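In what follows, a single structure is set out as structure tokens and then discussed.
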Ligand SMILES: [Zn+2]
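In my numbering, the protein residues as written are 8 to 344.
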């Protein structure tokens, strides 16, 4: 793994070279999310996964989160492998990670509001090399190696969730950039001066395609007299992907309009990004994509706002690894390191 590619391991300097040659044993991949911690045991050569273990992410502080990561790994290994045989542990986290494994913050995890050298913390606890990467980048790597993008040298993975995240693999290498910001497709401008974005900007892709943006807009338009289907369905709780799916199935006019906005915004941003980078395959995943499926992708490909050279040059495919992409990708990144 090259420097600055979003992952770093604990005992890097002295052991890196000799360890690299010895990466034959299995690797544990752990996806630390806002709601759950999921681990899988992965063959470092084939990417095949075996077994899984998971637990809820504690809301009671970071030490409890670290304890949970350790406990989930122990549960996964029980009867399958010894910790001594592991080549490494890869951990994906929902926040920015620098090239040395420093996690800046994870807004979705209670108490993670300051930088933590997670590769060191967990390396000390586990006694094995630990590689830490951003979860969206892990997802992109999983789709590239063992998912919908298998066989393609380059791909862009776009995950449409609360916001919109992206990961870029170019010529078989994950690219993260000098500041780890490659793939931030959610903050590409699709509507100058448009809806306000959580980042302080305006008119960004995730204001139109992300669940939080759709939620805000649905409530705003309902106050102005549009169909109250979505707010009526959820009350003061956040609008989830399944509610958007329900609105589409009920042919609620406001939901259809908001999904249409999402389709066109995604088409514009994805087309432009794919043309800039010569990307043949764009893998789309995340809650809304999972719910709306192939029809949603077909609508994006057919959008008159599809950017760049158009959908003939760039194929859109549904993500194949759903729940375990983060864990598998974290393990695969650790295997390369
Ligand atoms: Zn933004």
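Backbone N, C-alpha and C define an ideal beta-carbon position, used for all residues, glycine too. Please read these numbers as outputs of a predicted model, since none were measured by experiment.
C-alpha gap between residue 240 and residue 259, whole angstroms: If you take the alpha carbons of residue 240 and residue 259, they lie about 12 Å apart.
beta-carbon residue 151 near ligand 1 non-hydrogen atom, thresh 8 Å: No, ligand 1 has no heavy atom inside 8 Å of this Cβ.
Pick from 118, 116, 110, 143 that is closest to residue 128, judged by C-alpha positions: The residue from 118, 116, 110, 143 with its alpha-carbon nearest to that of residue 128 is 110.
Closer than 8 Å: residue 213 CB and nearest ligand 1 heavy atom: Checking the Cβ of residue 213 against ligand 1 gives yes.
Residue 139 and residue 126 closer than 9 Å at C-beta: Against a cut-off of 9 Å, the Cβ pair of residue 126 and residue 139 comes out as a contact.
Contact test: residue 205 Cβ vs ligand 1 heavy atom, cutoff 8 Å: Because some heavy atom of ligand 1 lies under 8 Å away, the Cβ of residue 205 counts as near it: yes.
Contact with chain D by residue 191, beta-carbon distance below 9 Å: Absence of chain D from the displayed structure is noted, only one protein chain being present.
Inter-stretch contact at 8 Å, needing at least 3 Cβ pairs: the segment 330-340 / the segment 81-99: With a cut-off of 8 Å, the segment 81-99 and the segment 330-340 count as touching, because enough Cβ pairs lie within range.
Three-state class that DSSP yields for residue 296 in the structure shown: Judged by DSSP in its simplified three-state form, residue 296 adopts helix.
Segment contact flag, the segment 65-76 with the segment 36-50, C-beta cutoff 8 Å, min 3 pairs: Yes, the segment 65-76 touches the segment 36-50.
Where residue 10 sits in the DSSP three-state scheme: Unreliable placement is indicated for residue 10, whose pLDDT of 31 sits below 50; the coordinate value is still reported in the next sentence. DSSP places residue 10 outside both helix and strand once states are collapsed to three, so it counts as coil.
Proximity below 9 Å, CB of residue 270 to CB of residue 156: With contacts defined by Cβ atoms closer than 9 Å, residue 270 and residue 156 do not form a contacting pair.
Proximity test, residue 208 beta-carbon vs ligand 1 heavy atom, cut-off 8 Å: For ligand 1, at least one heavy atom lies less than 8 Å from the Cβ of residue 208.
Per-residue burial, residue 244 [other beta carbons within 10 Å of its own, 16 or more giving buried]: Looking at its Cβ environment, which holds fewer than 16 other Cβ atoms inside 10 Å, residue 244 is exposed.
Three-state class that DSSP yields for residue 75 in the structure shown: Three-state result, residue 75: helix.
Distance cut-off 8 Å: residue 345 Cβ against heavy atoms of ligand 1: Because the chain in this structure spans residues 8 to 344, residue 345 falls outside the shown range and cannot be described.
Cα-Cα separation between residue 92 and residue 342, rounded to whole angstroms: Looking at the two C-alpha atoms, the distance is approximately 14 Å.
Residue 248 in three-state terms, based on DSSP: Three-state result, residue 248: helix.
Separation of residue 233 from residue 329, as counted between CA atoms: Near 34 Å, if we compare the C-alpha coordinates of residue 233 and residue 329.
Residue 193 CB to nearest heavy atom of ligand 1 below 8 Å: For residue 193, the shortest C-beta to heavy atom distance toward ligand 1 is below 8 Å.
Burial state of residue 67, where buried means 16 or more other Cβ atoms lie within 10 Å: Exposed.
Residue 325 versus 279, 167, 236, residue with shortest Cα-Cα distance: In terms of CA proximity to residue 325, 167 leads the group 279, 167, 236.
Inter-residue Cα distance where the pair is residue 323 and residue 194: Straight-line Cα distance between these residues: approximately 20 Å.
Entirely enclosed alpha helix (DSSP H) segments - the segment 212-279, minimum 4 residues: If we require 4 residues or more, the alpha helix (DSSP H) runs fully inside the segment 212-279 come out as 212-216, 218-230, 236-241, 248-256.
Assigned secondary structure, residue 331 (DSSP; H/G/I helix, E/B strand, else coil): Three-state result, residue 331: coil.
Residues that residue 126 bridges to, as DSSP identifies them: DSSP lists no bridge partner for residue 126.
Local Cβ density within 10 Å of residue 179, reported as buried at 16 or more and exposed below that: Residue 179 is classed as exposed because its beta carbon has fewer than 16 other beta carbons within 10 Å across all chains shown.
Same chain only: Cβ atoms within 6 Å of residue 333, ignoring 5 sequence neighbours per side: Cβ neighbours of residue 333 within its own chain (closer than 6 Å, five residues either side excluded): 38, 99, 142, 145, 146.
Helix, strand or coil at residue 197 according to DSSP, with G and I counted as helix: Here residue 197 sits in coil by DSSP.
Rounded distance between the beta-carbons of residue 87 and residue 131, thought under 8 Å: Not quite, the Cβ-Cβ distance comes to about 23 Å (not below 8 Å), so this is no contact.
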